[in-house]
Amino acid sequence: MAPDSLPPPRVRKLFGTDGIRGVANRAPMDAGTALRLGQAAGRYFNRGAHRHRVVIGKDTRLSGYMLEPALTAGFIGAGMDVVLVGPLPTPAIALLTRSLRADLGVMISASHNPHEDNGIKLFGPDGLKLSDEQEAEIEALMAGDLSSALVPPARLGRASRMEDAPGRYIEAAKASFPRGLTLEGLRVVVDCAHGAAYKVAPTVLWELGAEVVSLGVQPDGFNINRGVGSTSPQQLAELVRERRADLGIALDGDADRLVLVDETGSVVDGDQILALIADSWAREGRLRGGAVVATVMSNMGLERFLKARGLALHRTPVGDRYVGERMREIGANLGGEQSGHMIMSDFGTTGDGLVAALQVLAVLVEERRPASEACRRFAPLPQQLVNIRYAGASPLKDAGVQALIARETAALGEAGRVLIRASGTEPVIRVMVEAEDQARLDAALDRLCGAIRACAAGDGAAGEGGAA
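With positions in the sequence shown counted from 1, the corresponding number in the working numbering is that position plus 5.
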């Protein structure tokens, strides 16, 4: 499906592409907003006469200790019992929401962002992220009078802490690894980004038999994602080479995505991980629907690789929520993003970096090949992404910029792609160009970025359809 035929994500004021996110202790990531969110979401999910329950997890940011009690107070005031599980990966919260038959799950995390930021993700009773429509309804409740959401004193909820929550997720993650296989003989470096998986990820790998070298497992409330994790794999690559490890695993702050590092220290992105898992599952007859779901950001090399094997690639807007929705629509059980979100519906309802890494390790064990070979399933086309910050009106509203985008897209034809979109969380235009030839890519990217920058600067160059 061509990128320009994809429906744009529906816009909401408070919720973005992955929940609510912002600078900690500033609206909307302040205690007051969290309190109102708890009250509104509690009101929205308070249906029926049963005792209502919400599961709340978080990563290791200091600000989580501010947002967690505020959310708890809101939910209790709306008549919901609260189960606190402490620092755990996002997929663990989705899992526990279903396992405990809770009405709602909440993850407090800003994923790969620095500690200054935080975020709140909501899961429904099915363990799936809420739809745009559900988030819009909760936003509407938050904007109105919430007095009707507050229950009488006799109906107030209660809070409790679930001590065995990590163990439940550990066993679920291990169960995704094929029976009869072991990681004995493999040396694995795991970088937990000083985040939510700092205890559970090394434990899972060790219990499956691997020799584990841990990195990013000393959170202090401020060091999450700082020089470590899936967005900063350099330290992991150095440690893999130094310890002569077979594979390096880099998770992000809430462990719902990953990148890998092979034994040479080279980084393996989400597209290659998708290709490896899809190829393995298809040969074993486990890939449902003969298709994989990815976003518009995934490399054309992945699409060509799958097509050569009789498999289809379905593209969605950026965001693992949209990947999951399309998977359910077409009956697929594998989808993901180039950035490392991997959704495997046989094992969970949302992205799970650790479980995805276990699928890759299973292939390494079965094929008895080094990661540098097994994880290079296709040659990616040259692709480059540039972020352009702007103030005022979006440059994408300019007719000249739109005309130039159309011309560059037509000029590349089947030999490349142009994808230009506005960020859902900040005033940034993301310009991506992909082409078989690096020179053509560079020329197209220069023209597009020049026009967008000129429009953002307000000098009128882009309004004439020209490029800097």
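Idealized CB from N, CA, C, for every residue including glycine.
Residue environment for residue 390: exposed (fewer than 16 other C-beta atoms within 10 angstroms of its C-beta). Under the three-state reduction of DSSP, residue 321 is assigned to strand.
For residue 65 against residue 201, the beta-carbon gap comes to about 6 Å, under 8 Å, which counts as contact. Between residue 100 and residue 177 the beta-carbon gap is near 6 Å, inside 8 Å, which marks them as a contact. Cβ-Cβ separation between residue 35 and residue 116: approximately 19 Å, too far for a contact (criterion under 8 Å). The three-state reading of DSSP puts residue 281 in helix, counting H, G and I together. Distances from the alpha-carbon of residue 222 to those of 143, 255, 297, 47 put 255 closest.
The closest CA to that of residue 326, considering only 60, 79, 18, 140, is found on 140. Burial state of residue 355 is buried, judged by a 10 Å Cβ sphere holding 16 or more other Cβ atoms. Within the segment 167-240, the complete beta strand (DSSP E) segments of 3 residues or longer fall at 192-196, 216-220, listed in chain order. In this structure, residue 349 places its C-beta atom within 8 Å of the C-beta atom of residue 339. When the alpha-carbon of residue 125 is set against those of 103, 48, 98, the nearest one is in 98.
Secondary structure of residue 447 (DSSP, three-state): helix. Residue 57 is bridged by DSSP to 85. Look at residue 402 here: in three-state DSSP terms it is helix. Taking a C-beta distance under 8 Å as the contact criterion, residue 68 and residue 95 do not qualify as a contact pair.
Taking the C-beta atoms as reference points, residue 337 is found nearer than 8 Å to residue 296.
Counted as a single uninterrupted DSSP element, the alpha helix (DSSP H) harbouring residue 147 occupies residues 137-148. Within the same chain, Cβ atoms closer than 6 Å to the Cβ of residue 461 are found at 395, 400, the five residues on either side in sequence being excluded. A distance of 8 Å or more separates the beta carbons of residue 343 and residue 387.
By the beta-carbon neighbour count (other beta carbons within 10 angstroms, threshold 16), residue 303 is buried. Contact between the segment 156-163 and the segment 178-195 is absent: fewer than 3 CB-CB pairs across the two stretches fall below 8 Å. In the structure shown, the three-state DSSP call for residue 359 is helix. Collapsing the DSSP output to three states places residue 300 in a strand.
Burial check for residue 235: the Cβ neighbour count within 10 Å reaches 16 or more, so the residue is buried.
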